[in-house]
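Using full-length UniProt numbering, you'd call the opening residue of the sequence shown number 1 and step up by one each time.
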Amino acid sequence: MARMCVKNRRMDVARVCLGNMGDARAARALRQAEAEPEPEVQVAVLAVQLGMLEEAEKLYRSCERFDLLNQFYQASGRWQQALETGETSDRIHLRNTYYHYGKHLEAMGDRTLAISYYEKSDTHRFEVPRMLQDDSVSLESYVNKKKDKDIYKWWAQYMESQADMDTALLYYENAQDYLSLVRVHCYLGNMEKASEIANDTGNRAASYYLARQYEGQQEVKQAVHFYTRAQAYNNAIRLCKENNLDDQLMNLALLSNPEDMMDAACYFEESEHGHMDRAVVLYHKAGHMSKALELAFATQQFSALQLIAEDLNDMSDPTLLARCSDFFIEHGQYQKAVELLVAAKKETGELPEDSRRELLEGIADCCMRQGDYHLATKKYTQAGNKLKAMRALLKSGDTEKIVFFAGVCRQKEIYIMAGNYLQSLDWRKNPDIMKNIIGFYTKGRALDLLAGFYQACAQEEIDDFRNYEKALGAMSEAYKCLSKSKERSPGEQEGRLAQLQQTVSLVKRFCQARRLCDEDPGEAMGLCEALLEEPELDTAVRTGDIYGLIVEILCQQGNFQQAYRKLEELQKSQPSLNISSYVGEASLGALQEALGVSLGRSPAADEKQHLSTRTLHLEGRVSHLSASNTHLASKLGRAEEDKLKLSKDLVEEKLDLNAMREEIVVAQLKEERDSLRRELPLLLSRLQVATESSLSEEQHKRSSEVPPCRPLHEQQLSILEGELQRISTLINTLLVIGKEQQKQKEAIQRIQQRLSEQSTSPKGQLAELEKENSTLQLQIKHLNEEYRTRLVCYLHDLAGMLEEVRSSYHSREVQLAAAARSYKKKLQRLSRIHQRLLMAYRIQQEQILSRPESGLDPGPPEGHFSLEEPEGHFSLEDPQGPQHTELHTTREPIRAQGNPGQTIEEAKVDMEEHQKEITPSILEVYEKERAQLITRTMVAEGQVSELQQYIDNHLAR
1 MARMCVKNRR MDVARVCLGN MGDARAARAL RQAEAEPEPE VQVAVLAVQL
51 GMLEEAEKLY RSCERFDLLN QFYQASGRWQ QALETGETSD RIHLRNTYYH
101 YGKHLEAMGD RTLAISYYEK SDTHRFEVPR MLQDDSVSLE SYVNKKKDKD
151 IYKWWAQYME SQADMDTALL YYENAQDYLS LVRVHCYLGN MEKASEIAND
201 TGNRAASYYL ARQYEGQQEV KQAVHFYTRA QAYNNAIRLC KENNLDDQLM
251 NLALLSNPED MMDAACYFEE SEHGHMDRAV VLYHKAGHMS KALELAFATQ
301 QFSALQLIAE DLNDMSDPTL LARCSDFFIE HGQYQKAVEL LVAAKKETGE
351 LPEDSRRELL EGIADCCMRQ GDYHLATKKY TQAGNKLKAM RALLKSGDTE
401 KIVFFAGVCR QKEIYIMAGN YLQSLDWRKN PDIMKNIIGF YTKGRALDLL
451 AGFYQACAQE EIDDFRNYEK ALGAMSEAYK CLSKSKERSP GEQEGRLAQL
501 QQTVSLVKRF CQARRLCDED PGEAMGLCEA LLEEPELDTA VRTGDIYGLI
551 VEILCQQGNF QQAYRKLEEL QKSQPSLNIS SYVGEASLGA LQEALGVSLG
601 RSPAADEKQH LSTRTLHLEG RVSHLSASNT HLASKLGRAE EDKLKLSKDL
651 VEEKLDLNAM REEIVVAQLK EERDSLRREL PLLLSRLQVA TESSLSEEQH
701 KRSSEVPPCR PLHEQQLSIL EGELQRISTL INTLLVIGKE QQKQKEAIQR
751 IQQRLSEQST SPKGQLAELE KENSTLQLQI KHLNEEYRTR LVCYLHDLAG
801 MLEEVRSSYH SREVQLAAAA RSYKKKLQRL SRIHQRLLMA YRIQQEQILS
851 RPESGLDPGP PEGHFSLEEP EGHFSLEDPQ GPQHTELHTT REPIRAQGNP
901 GQTIEEAKVD MEEHQKEITP SILEVYEKER AQLITRTMVA EGQVSELQQY
951 IDNHLAR
């Protein structure tokens with residue numbers, strides 16, 4: 001019935017059947033199969049339990065559960081089908097299939113094929129050494145053949161456990177296990193070779209192990225070096241602090257984490273050697289800005305303060321930002337001070353409102369000179385000067401922003417400026433622009449400008465479309481606006497209103513004539529004739545339009561002769577006038593046909609010519625407007641630049657004028673001095689002649705009156721000589737003054753030249769400093785990128801080192817476990833051999849005792865060969881041990897019974913001699929192996945504990 005349940009797939013009945021059968025294993029398998037989603041799997045499990053293998057295979061294939069089919073093939077020993085299924089349909093379990101097939105081949109004794117399948121399953125690094133452990137020659141050959149690092153490492157560890165250090169070093173080198181190389185060299189005392197390996201390879205685990213060894217030997221510098229190579233900076237920092245290696249401590253702290261930086265900074269701050277600059281740098285690098293700034297201000301470390309200020313941002317303490325900005329202001333670094341003030345939310349500072357407006361206007365003027373009109377508009381607006389802002393915006397030519405700005409500002413002048421700008425655009429094609437023009441003029445209360453715009457609209461309708469009705473409406477609006485305007489003088493406004501009213505009246509009469517053209521042609525003709533007699537008709541209505549209307553009326557009445565005369569009058573009054581522009585094509589055609597005369601060009605040609613002329617005129621006008629629009633901004637910009645240039649030239653002219661005045665004064669002084677020099681000898685000669693003549697006359701008079709007075713004459717001569725000497729002194733003084741003035745002028749020129757040089761040199765120095773600053777910033781950026789890259793590499797190397805240590809630890813554990821298993825198997829095998837030998841010995845002893853006539857000694861009792869002592873336990877390592885040898889020799893007499901040439905006594909003697917020869921040497925060998933095993937176990941445990949401590953203490957983070 002259970003088999004029928006497989007065919008019918010009745011699992012509920014199958015459970016009852018299995019329960020009645022008492023097949024607990026099948027019931028358990030069926031209950032576990034209920035977790036599978038496919039019902040065919042449950043049926044297949046039931047079929048397998050009932051021995052229906054073909055049905056189970058079909059069921060597994062039908063539900064496409066190739067993984068279970070693979071397991072089914074493996075369980076039934078159909079390995080080829082299992083391999084085919086794994087390679088084609090169940091590749092996710094292919095390596096598992098290879099592995100189990102390799103285990104099967106190993107159990108069957110086919111080691112060569114098992115090795116190939118272990119390699120396919122990628123488990124050969126563990127399984128093949130385990131399988132070939134008893135065959136060391138084959139294992140060594142396999143290791144050398146594969147050249148795999150993991151297998152090399154396993155073999156090196158095995159050789160190390162066998163105390164073959166040279167071979168272990170060779171295979172460790174092939175496996176590139178530098179940690180083990182350094183460890184073995186340190187164990188052998190080859191510290192120089194270990195240092196060379198650690199330096200050449202850069203392996204961090206090896207460097208750390210070597211640093212621990214050097215630290216244990218009190219070689220601090222070497223320990224610090226290799227701790228640095230291992231990136232164990234905290235240990236290196238610890239040694240530097242203990243041994244006062246401040247220079248290395250600074251470098252190591254900069255490479256370490258923020259915690260170590262803080263520790264080193266505290267050390268430098270508390271140090272007696274005064275390394276406050278290093279403490280400031282380390283606090284800064286560790287992220288403690290406030291502490292670094294406080295220490296920098298307290299110890300006047302301004303160079304470090306500049307580096308710290310570069311990392312300040314809007315998240316920093318505003319007080320510190322303000323202090324730093326004050327520092328930079330004192331030292332003339334205004335750009336950095338501005339950045340810090342902005343970060344501290346102190347954009348205005350202590351700047352007064354007037355100064356702020358003046359500064360904003362200056363910035364806006366600079367933007368205007370540079371052509372950045374939008375930014376200039378913004379700055380003018382911030383300064384409150386909206387008129388200049390509007391002028392800047394007009395230069396930009398951005399119509400949308402101009403309209404928006406005018407609507408937002410709501411000022412009369414700005415409305416008028418916006419309206420004037422929009423009127424320069426092509427407002428005829430864009431109704432929105434026309435609406436904005438009317439709205440801006442209305443809001444700005446510029447009714448006279450609005451009236452002028454309406455008049456322009458009316459003239460456009462007349463010239464382009466001959467639509468006098470719309471023109472009349474526009475003129476009426478212009479009259480209304482002009483009548484409300486109060487900006488002009490009363491007399492001027494009245495005159496303009498009268499002129500506009502007359503124009504409106506003429507246009508109304510012409511419109512009335514056009515309306516009466518069909519109803520009352522005579523009245524229309526009368527109105528047209530009356531209009532032609534008006535003196536200022538061309539200002540309102542075109543003469544050609546009136547003549548055209550008259551000609552059309554006459555043509556409608558059939559009076560072609562009179563119509564032709566009217567056309568001749570029109571041509572005589574305006575010879576260059578194109579008739580087709582004013583008279584309809586139908587009227588001209590009828591007139592030519594009736595009179596048989598040619599009126600020049602055909603009306604179509606005239607119209608075409610008129611249109612082409614008008615088109616060219618419009619294109620020229622549009623191009624002119626666009627050119628004027630595009631050049632308006634540049635003209636305004638040039639005007640501003642010219643204004644600035646004029647102001648600059650005015651200042652220069654004033655300076656030149658002052659210089660010229662000084663030169664004129666100097667020249668006048670020179671001329672006066674030269675004239676004095678020229679006149680002085682003449683005056684002296686005249687004075688001397690006059691003096692001599694007066695003296696001679698006086699002497700002549702005195703001689704005639706009284707006797708000459710020699711003392712008086714001498715006194716007068718001395719007075720004259722004194723005057724002459726004083727005059728010469730004055731001349732010398734003037735010369736000295738002229739020389740001093742020349743020297744002062746030269747000194748002034750030198751000072752001016754020096755000032756000009758000094759004014760140019762700071763600019764060059766500033767440019768050099770800015771260039772140097774940019775270079776330093778680029779270098780800092782490159783250093784930051786390099787440091788970040790190094791940190792990433794260090795992290796990757798640290799992860800690799802940790803993985804190497806873990807794999808080494810795992811392989812050592814696996815090796816020890818394998819060795820323990822092998823020793824356990826050997827002990828079990830030896831114990832079984834010992835039991836068999838004891839049984840054989842018991843049988844032989846019973847045979848000897850049953851035959852007392854032979855005279856053989858039955859030997860010692862069975863308890864003599866017990867395994868109670870520890871030495872006996874380890875002496876069972878070799879199945880060919882002394883007990884086995886001794887028992888084997890006791891079996892020889894029994895075999896010798898069939899040999900008539902040897903007695904039992906002789907066999908016993910041979911057995912005892914053979915036992916005496918073999919037992920001591922074998923026991924000694926086993927004792928040595930036991931001691932070596934205990935030593936290697938202790939070394940392995942120490943290495944494992946040391947590696948675990950290294951991982952826990954130094955690699956956890």
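Even for Gly, the Cβ is constructed at its ideal location relative to N, Cα and C.
For residue i, I'd like the list of residues in its chain whose CB is within less than 7 Å of its CB, leaving aside the five on either flank, ordered along the chain.
{"i": "V220", "result": "L239 and N243"}
{"i": "Y582", "result": "G544, D545, Y547 and G548"}
{"i": "D317", "result": "S290"}
{"i": "L595", "result": "F560 and Y564"}
{"i": "E106", "result": "A114 and M131"}
{"i": "L83", "result": "T97 and Y101"}
{"i": "L59", "result": "E40, V43, A44 and A47"}
{"i": "Q411", "result": "K386"}
{"i": "H275", "result": "D246 and F268"}
{"i": "A223", "result": "A211, Y214, E215 and L239"}
Thinking C-beta only, is residue j closer than 8 Å to residue i?
{"i": "T543", "j": "S587", "result": "no"}
{"i": "M390", "j": "M417", "result": "yes"}
{"i": "A286", "j": "A296", "result": "no"}
{"i": "I402", "j": "Y421", "result": "yes"}
{"i": "L508", "j": "L472", "result": "The question names Leu, yet the displayed sequence has Lys at residue 508. Their beta carbons are under 8 Å apart, which means K508 touches L472 by this criterion."}
{"i": "N203", "j": "Y227", "result": "no"}
{"i": "residue 991", "j": "E469", "result": "Outside the shown range of the chain, which is 1 to 957, sits residue 991, and nothing can be said about it."}
{"i": "L282", "j": "A309", "result": "no"}
{"i": "A458", "j": "M475", "result": "yes"}
{"i": "A198", "j": "V184", "result": "no"}
{"i": "Q779", "j": "Q157", "result": "no"}
{"i": "R111", "j": "I151", "result": "no"}
{"i": "N235", "j": "S256", "result": "no"}
What residues in its chain sit with their C-beta under 8 Å from that of residue i, if we drop five residues either side in the sequence?
{"i": "C5", "result": "M11, V13, A14, C17 and L46"}
{"i": "W155", "result": "P129, L139, E140, V143 and Y171"}
{"i": "R61", "result": "L69"}
{"i": "E607", "result": "For E607, the pLDDT reaches just 47, beneath the cut-off of 50, and the residue's location in the model is therefore unreliable, although a value from the coordinates is still provided. Correct list, in chain order: S580, S581 and E585."}
Quick check on the DSSP output: the alpha helix (DSSP H) that includes residue i runs from which residue to which?
{"i": "E140", "result": "S136 to K146"}
{"i": "S580", "result": "Premise fails: S580 is in no alpha helix (DSSP H) and is neither H nor E."}
{"i": "P521", "result": "P521 to L532"}
{"i": "residue 962", "result": "Nothing about residue 962 can be reported from this structure: the residues present for the chain run from 1 to 957 only."}
{"i": "H275", "result": "Taken as a continuous stretch (DSSP letters only), H275 belongs to no alpha helix (DSSP H), as it is neither H nor E."}
{"i": "I414", "result": "K412 to Q423"}
{"i": "P431", "result": "P431 to K443"}
{"i": "D246", "result": "D246 to L255"}
{"i": "Q213", "result": "R204 to G216"}
{"i": "C225", "result": "Contrary to the premise, residue 225 reads as His rather than Cys in this sequence. H225 -> alpha helix (DSSP H) spans V220 to R229."}
Starting from the C-beta of residue i, find all residues in its chain whose C-beta is less than 6 Å away, skip the five residues before and the five after it, and write them out in chain order.
{"i": "Y208", "result": "A230 and A232"}
{"i": "A446", "result": "I416"}
{"i": "Y441", "result": "G419, L449 and L450"}
{"i": "Q556", "result": "none"}
{"i": "A633", "result": "Annotation note: pLDDT 47 at A633 (below 50); position unreliable, no value reported."}
{"i": "A462", "result": "Reading the sequence as shown, one finds Ile at residue 462 and not Ala. So the qualifying residues of the chain are A471."}
So is the beta-carbon of residue i under 7 Å away from any non-hydrogen atom of the ligand PLP?
{"i": "S587", "result": "As presented, the structure is devoid of all ligands, the ligand PLP included, so that no description of it is given."}
Answer with yes or no whether the minimum CB distance from residue i to chain B is below 8 Å.
{"i": "R445", "result": "Absent from the structure is chain B; it holds one protein chain and no more."}
* Asked: If you scan the region 65-153 from start to end, which runs of the alpha helix (DSSP H) of 4 or more residues do you find wholly inside it?
  -> Here the runs fully enclosed are 66-75, 79-88, 94-108, 111-120, 124-131 and 136-146.
_Which runs of the beta strand (DSSP E) at least 3 residues long sit entirely within the UniProt domain "IF140 C-terminal TPR" (448-571)? Give them in chain order._
Counting whole runs of 3 or more residues, the UniProt domain "IF140 C-terminal TPR" (448-571) contains no beta strand (DSSP E) stretch at all.
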